[in-house]
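Step one of this worksheet: look at the structure below.
Number of protein chains: 2
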Amino acid sequence: MTSLLTEKQIKTKLHNLKNWKMVENEVTKTFVFEDFVHAMGFVNSIALLAERANHHPDIDIRWNKVTLTLSTHSAGGLTEKDFMLAKEIEKL
Amino acid sequence: MTSLLTEKQIKTKLHNLKNWKMVENEVTKTFVFEDFVHAMGFVNSIALLAERANHHPDIDIRWNKVTLTLSTHSAGGLTEKDFMLAKEIEKL
Chain R
0 MTSLLTEKQI
10 KTKLHNLKNW
20 KMVENEVTKT
30 FVFEDFVHAM
40 GFVNSIALLA
50 ERANHHPDID
60 IRWNKVTLTL
70 STHSAGGLTE
80 KDFMLAKEIE
90 KL
Chain C
0 MTSLLTEKQI
10 KTKLHNLKNW
20 KMVENEVTKT
30 FVFEDFVHAM
40 GFVNSIALLA
50 ERANHHPDID
60 IRWNKVTLTL
70 STHSAGGLTE
80 KDFMLAKEIE
90 KL
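These protein sequence lines are chains R and C, in that order.
With numbering that gives the first Met the number 0 as the guide, the letters of the first sequence map in order to residues 0 to 91.
With numbering that gives the first Met the number 0 as the guide, the letters of the second sequence map in order to residues 0 to 91.
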């Protein structure tokens, strides 16, 4: 769960996630909503998933836009934990 | 409410706010909490104040740290609206 993924593994996993992209050793996606109220609803859903998984993305809120950035800091890069959380987020 | 403040006005208002600093034409502060749960409690309080005021800070969440950045984009800089919201946030 917490060992670093290889470049090939990351590529395959990214391929299965819509619009997530790799930036340095993190994966990121910006979600756009109707307004701030809807953006905050999303942020709170993320917060619950993150707390349950004990794995917390960086969350940047810009009115109706929410940018999530995932990385396993303790491992120094991307692990299975990041992609499991991204997959759960995509199901929201 | 929405006219740009002068440099002198900004200086006085910043002086009355604890640990907010000006960066370019925005004011910003990072709040540190015990953990993510407490940080999210704060974020949701901010969200309610922001929505009521129809004035929304940029909100960056990094586990237990929340950075708020205020500016009146429609005015191209800092106005009374920014400092009114900052004052409300300080009362939380």
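Glycine is no exception: its CB is placed at the ideal position from the N, C-alpha and C atoms.
Quick one: using the 10 Å Cβ neighbour count with 16 as the cut-off for buried, is residue i buried or exposed?
i	result
M39 of chain R	buried
H54 of chain C	buried
A52 of chain C	exposed
T29 of chain R	exposed
For residue i, list the residues DSSP reports as bridge partners.
i	result
D57 of chain R	R:T68
M39 of chain R	DSSP output for M39 of chain R lists no bridge partner at all.
T27 of chain C	C:K20 and C:T68
G76 of chain C	C:T71
Which residues in chain R sit within 8 Å of residue i, going by Cβ to Cβ distance?
i	result
D154 of chain C	As displayed, chain C neither begins before 0 nor continues past 91, which places residue 154 of chain C out of reach and without an answer.
If you check the beta carbons only, do residue i and residue j fall under 8 Å apart?
i	j	result
T27 of chain R	K20 of chain R	yes
L69 of chain R	L84 of chain R	yes
L13 of chain R	E79 of chain R	no
D81 of chain R	N63 of chain R	no
I9 of chain C	L67 of chain C	no
L16 of chain R	E87 of chain R	no
Could you name the residues of chain C that residue i contacts, counting a contact when the two beta carbons are closer than 7 Å?
i	result
A46 of chain R	M39
E50 of chain R	F35 and V36
Measuring only from the beta carbon, is residue i closer than 7 Å to any heavy atom that is part of the ligand ADP?
i	result
G75 of chain R	Ligands displayed in this structure: none; no statement on the ligand ADP is therefore possible.
Between the options, which lies nearest to residue i when the distance is taken from Cα to Cα?
i	options	result
R61 of chain C	C:R51, C:E79, C:E87 and C:V42	C:V42
V22 of chain C	C:E33, C:K86, C:K80 and C:E6	C:E6
T1 of chain C	C:G75, C:E25, C:V31 and C:L91	C:G75
V31 of chain C	C:E87, C:V65 and C:D57	C:V65
V36 of chain R	C:T29, C:S44 and C:V36	C:S44
L91 of chain C	C:N24, C:A49 and C:E25	C:A49
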